[in-house]
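>
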Amino acid sequence: MSVDMNSQASDSNEDDFGPNSEEEEEEEVGEEEDQGDIADYYEGVASDVEQQGADAFDPEEYQFTCLSYRESQKVLSEDVNRVASTLKVSPAVAKLVLVHFQWRVSVILERYKSSSSQLLCEAQVQPSTCRSMAVSTHSFQCGVCLQLVRKEALLALPCQHSFCKACWEQHCTVLVKDGVGVGISCMAQDCSLQMPEDFVLPLLHGDELKDKYRRYLFRDYVESHFQLQLCPGADCPMVIQVQEPRARRVQCSRCGEVFCFMCRQMYHAPTDCGTIRKWLTKCADDSETANYISAHTKDCPKCNICIEKNGGCNHMQCSKCKHDFCWMCLGDWKTHGSEYYECSRYKENPDIVNQSQQAQAREALKKYLFYFERWENHSKSLQLEAQTYQRIQEKIQERVMNNLGTWIDWQYLQNAAKLLAKCRYTLQYTYPYAYYMESGPRKKLFEYQQAQLEAEIENLSWKVERADSYERGVGEGELSANDRGDLENQMHIAEQRRRTLLKDFHDT
Ligand SMILES: [Zn+2]
Ligand SMILES: [Zn+2]
Ligand SMILES: [Zn+2]
Ligand SMILES: [Zn+2]
Ligand SMILES: [Zn+2]
Ligand SMILES: [Zn+2]
Numbered sequence: 042m043s044v045d046m047n048s049q050a051s052d053s054n055e056d057d058f059g060p061n062s063e064e065e066e067e068e069e070v071g072e073e074e075d076q077g078d079i080a081d082y083y084e085g086v087a088s089d090v091e092q093q094g095a096d097a098f099d100p101e102e103y104q105f106t107c108l109s110y111r112e113s114q115k116v117l118s119e120d121v122n123r124v125a126s127t128l129k130v131s132p133a134v135a136k137l138v139l140v141h142f143q144w145r146v147s148v149i150l151e152r153y154k155s156s157s158s159q160l161l162c163e164a165q166v167q168p169s170t171c172r173s174m175a176v177s178t179h180s181f182q183c184g185v186c187l188q189l190v191r192k193e194a195l196l197a198l199p200c201q202h203s204f205c206k207a208c209w210e211q212h213c214t215v216l217v218k219d220g221v222g223v224g225i226s227c228m229a230q231d232c233s234l235q236m237p238e239d240f241v242l243p244l245l246h247g248d249e250l251k252d253k254y255r256r257y258l259f260r261d262y263v264e265s266h267f268q269l270q271l272c273p274g275a276d277c278p279m280v281i282q283v284q285e286p287r288a289r290r291v292q293c294s295r296c297g298e299v300f301c302f303m304c305r306q307m308y309h310a311p312t313d314c315g316t317i318r319k320w321l322t323k324c325a326d327d328s329e330t331a332n333y334i335s336a337h338t339k340d341c342p343k344c345n346i347c348i349e350k351n352g353g354c355n356h357m358q359c360s361k362c363k364h365d366f367c368w369m370c371l372g373d374w375k376t377h378g379s380e381y382y383e384c385s386r387y388k389e390n391p392d393i394v395n396q397s398q399q400a401q402a403r404e405a406l407k408k409y410l411f412y413f414e415r416w417e418n419h420s421k422s423l424q425l426e427a428q429t430y431q432r433i434q435e436k437i438q439e440r441v442m443n444n445l446g447t448w449i450d451w452q453y454l455q456n457a458a459k460l461l462a463k464c465r466y467t468l469q470y471t472y473p474y475a476y477y478m479e480s481g482p483r484k485k486l487f488e489y490q491q492a493q494l495e496a497e498i499e500n501l502s503w504k505v506e507r508a509d510s511y512e513r514g515v516g517e518g519e520l521s522a523n524d525r526g527d528l529e530n531q532m533h534i535a536e537q538r539r540r541t542l543l544k545d546f547h548d549t
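Listed below in structure tokens is the structure:
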């Protein structure tokens, strides 16, 4: 089976992410393929979507490289050598200058041309001239422990603040044990001159402590570099490198972790990094309030029979009376067509500013719960749809074993489930975005596109769940061409809606 899949993958492999990123590769291939298939099957049918100006390119496309520890060391040391030789400083000092300027070498070289000493002062590797004059350096007393020592036993940075070796050692040891790498400065009060690593290292005792310090330094060098980001995966040493830092989806080729390049949190388009942090903090703070809404069962609004939700789709059909309704708002599903989909839009009370504080607080809570409930619900749908995906995988395997078609025949089902997850993920992250958005025409447009996306995702989910549960007669390897075409058309529409929304609202 896997042979089929692999040969398929290499056919249309156009990924930019290097040979290591298997997951990404699979996904990319899936998408490209869908489009090929849809184009073949449905020439002309989906053209109304295209005419609405949805773009052919994916607004989330982002170039990045996964670097191993060794590769990233190499990237760093190229910059270090260049700065060290131009500024005529040691590599250790060059690193501190680079950290100060987020490793923007061109900025450093530019600044160096206009004033070299100002540059070094600003990076806190050289004392300003007035300070070094004012300090007395002739006492043989350590400024920390006040012991009298031989002059040779005193150590000082270029600021000439002298202390005994034992005090320096203690200072550095305590900070390194605390997790400090870059950022250890002179012990004198009001002196923030930075200690270069070649000053610190000889003061640390034991290989273990030295290694720790080197690890923290590496972490800090990468974190301060505007084009690099450490993989947030547990104990993963990989580094992501980009040309242009942006809040975009990146994936580690070693551990598979997916995250936002800018903030290293869960990827969150169309919401921006600051807003998603605010939202997640708010959700954590208000978790008590929000707890009561997490219901697994609801009553059918028509016949009142208790209904349990075990799929991701929010278009529900009562098993008893066959009434079609919406899981979120319990409204009739007929009012959830993409033309008049209102379920995702919160209707604010326009008169609220004139009402009592209590009423305003109630309204604020109501609004938050509205968005939170939808955010939570889509997150749950994602989990349930992941189970559907598993089931589809198993079913395909079973069918292939029984000679009901090949993996290639069934792969469109797998692709549909993958695309559904991708669309639903974006939809989930539209809710924090909408919550913090100010009312106005732009919010109206956003809500319109969000509603369109949501309607098409629920349609897609409905079709995937049904395609998954079809039991065809023996000997027949596929759904009818119609069913399959219908599903593929729905995939295309949903993905176009997603791209349109991201194109218009995720360009930070
Ligand atoms: Zn001392
Ligand atoms: Zn000092
Ligand atoms: Zn990783
Ligand atoms: Zn981010
Ligand atoms: Zn019912
Ligand atoms: Zn609804």
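So for the sequence shown, this note's numbering puts the first residue at 42; every next one is plus one. Backbone N, C-alpha and C fix where the C-beta goes; we use that ideal spot for every residue, glycine too. As the structure is a prediction and not an experimental result, all values here were calculated from the model.
#1: Provide the residue(s) that pair with Q553 in DSSP beta bridges, ordered along the chain.
#2: Which residue marks the beginning of the beta strand (DSSP E) containing K339, and which one marks its end?
#3: List the DSSP bridge partners of V138.
#4: Label H202 either buried or exposed according to how many other C-beta atoms from any shown protein chain fall within 10 Å of its C-beta, with 16 as the threshold for buried.
#5: Tell me, to the nearest whole angstrom, how far the beta carbon of C296 is from that of G274; I am working on the premise that it is less than 8 Å.
#6: Under 6 Å Cβ to Cβ from R538, same chain only, skipping five residues before and after it: list those, please.
#7: Shorter than 6 Å, the distance from the beta carbon of L195 to the closest heavy atom of ligand 2, or not?
#8: Three Cβ pairs or more, each shorter than 8 Å: is that satisfied between the stretch 398-406 and the stretch 450-462?
#9: For the stretch 97-154, which segments carrying the alpha helix (DSSP H) assignment without a break, of at least 4 residues, lie completely within its bounds, in sequence order?
#10: Judging by CA-CA distance, which residue of D326, E417 and L245 is the nearest neighbour of C208?
#11: Taking C344 as the reference, which of K375, D365, C205 and L150 has the closest Cα?
#12: Do the stretch 305-314 and the stretch 459-476 meet, that is, are 3 or more Cβ pairs less than 8 Å apart?
#13: Figure out for me which residue from W368, L269 and S328 has the closest Cα to the Cα of M279.
#14: With a CB to CB cut of under 6 Å and the five nearest residues on each side skipped, what residues in its chain are close to G353?
#15: Which same chain residues, not among the five before or five after S356, have their C-beta less than 6 Å away from its C-beta?
#16: Check whether the Cβ atoms of D239 and A125 sit closer than 7 Å, and answer yes or no.
#17: When you measure from the CB of M303 to every non-hydrogen atom of ligand 4, does any distance come out below 6 Å?
#18: DSSP beta-bridge partners for S558?
#19: To the nearest whole angstrom, what separates the beta carbons of V263 and L271, a pair I think is in contact under 8 Å?
#20: Let me know the secondary structure DSSP gives A462 once reduced to three states.
#21: Would you identify the three-state DSSP class for C301, choosing helix, strand or coil?
#22: Tell me whether the beta-carbon of L528 lies closer than 7 Å to the beta-carbon of Q490.
#23: Restricting to Cα atoms, I'd like to know which of C293, V221 and R540 is closest to F259.
#24: Apart from the five residues on each side of it in sequence, which residues of its chain come closer than 6 Å, Cβ to Cβ, to W559?
#25: Does the Cβ-Cβ distance between P168 and C200 come in under 7 Å?
#26: Helix, strand or coil: which one does DSSP assign to V280?
#27: Using DSSP with H/G/I as helix, E/B as strand and the rest coil, what is D373?
#28: How would you label Y381, buried or exposed, when you count the other beta carbons within 10 angstroms and need 16 or more for buried?
#29: Give a yes or no on whether the C-beta atoms belonging to E101 and R290 are separated by under 7 Å.
#30: Leaving aside the five residues before and after L117 along the sequence, list all residues of the same chain whose C-beta is less than 7 Å from its C-beta, in chain order.
#31: Exposed or buried, what is L128 when buried is set at 16 or more other beta-carbons lying within 10 Å of its beta-carbon?
#32: Considering only DSSP beta bridges, list what C367 is partnered with.
#33: Using the C-alpha atoms, what's the distance from V505 back to W451?
#34: Taking the C-alpha atoms as reference points, what is the distance between Q165 and E389?
#35: Under a three-way DSSP split, which group does F267 fall into?
Result, derived from the coordinates:
#1: Because the chain is modelled from 42 through 549, residue 553 falls outside the range shown and cannot be assessed.
#2: T338 to D340
#3: Answer is none; V138 lacks a bridge partner.
#4: buried
#5: 4 Å
#6: Q493, L494 and E497
#7: no
#8: no
#9: 110-128 and 132-141
#10: L245
#11: D365
#12: yes
#13: L269
#14: S422, L425, E426 and S502
#15: Before going further, note that residue 356 is His rather than Ser in the sequence given. Only W374, E499 and W503 meet the Cβ criterion.
#16: no
#17: yes
#18: Since the first residue of the chain shown is 42 and the last is 549, residue 558 is not available in this structure.
#19: 5 Å
#20: helix
#21: strand
#22: no
#23: V221
#24: For the chain, the structure presents residues 42 to 549; residue 559 sits outside this window and is missing.
#25: yes
#26: strand
#27: strand
#28: exposed
#29: yes
#30: Y262
#31: buried
#32: H356
#33: 13 Å
#34: 52 Å
#35: coil
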